[in-house]
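Start counting the sequence shown at 52; every next residue gets the next number (the numbering used here).
Built from N, CA and C at the ideal position, the CB exists for glycine as well.
Being a predicted model, the structure only gives us computed values, none of them experimental.
Worksheet for the structure shown next.
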Amino acid sequence: MTSKLSSLFTLLILLGSCSSNTGKEKETSVATRMDSISEVDIMYLPAFTHRSVLHIDKKTGTSTFTVDTTENFGHEVPRHKLMAPLGEFETQTSVGRFWDEGFLHSLARDTTKLGARDGMHVWVFYTDGKSKDSVNVGNDYPPNVRSIILEQLNFLNGKAKDTAMKVYLKELKEYL
């Protein structure tokens, strides 16, 4: 009898320490996560031999697009980085949503489907300055993800001054 009462008492204590998670608490939790992400790298992998990275940095307020130039292209290689103020990038695209960890995980590849053999693979890496995480977007994305990638590439194309970068960005869009 004593052990039953002891078990019941323990159960009541455990239940009493649990709290219901209201909508307001969920909003606070998401807001906290949004504030904690400080840098995001969106990696575009259109081929096995090269990649490009869009780095957005909340602390410095900058966005930088870099093309890996270690491999040869069928055309002139873009050698310069594209840089833009983050505020401008956020107002003209939905890149500001990338500060929300929940949003980033919503972009993840559907692992129940087989991956496509063609297409541009996309990874998103993010950090709060202490720990890092990543999301595999894959290469067979739904229309909403495709439109997010397309708006980023269109913004970058509008910032590009040299022909090589414009050609490269055009090729990336063809993978979509």
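- If you check the CB distance, residue 120 and residue 130 come in under 8 Å.
- About 6 Å separates the beta carbon of residue 227 from that of residue 200, a gap short enough to meet the 8 Å contact definition.
- In the DSSP assignment, residue 155 falls within the alpha helix (DSSP H) that extends over 152 to 157.
- Secondary structure at residue 103: strand, using DSSP grouped into helix, strand and coil.
- Residue burial annotation: residue 152 is buried, with at least 16 other C-beta atoms found within 10 angstroms of its C-beta.
- Contact check for residue 175 and residue 107: beta-carbon distance about 10 Å, past the 8 Å limit, so the pair fails to qualify.
- Under DSSP, residue 140 takes part in no beta bridge, so it has no partner.
- Separation of residue 189 and residue 170 (C-alpha to C-alpha, rounded to the nearest whole angstrom) is 9 Å.
- DSSP places residue 97 within a strand segment (E or B) once states are collapsed to three.
- Between residue 203 and residue 127, the alpha-carbon positions lie close to 22 Å from each other.
- Residue 144 is classed as buried because its beta carbon has at least 16 other beta carbons within 10 Å across all chains shown.
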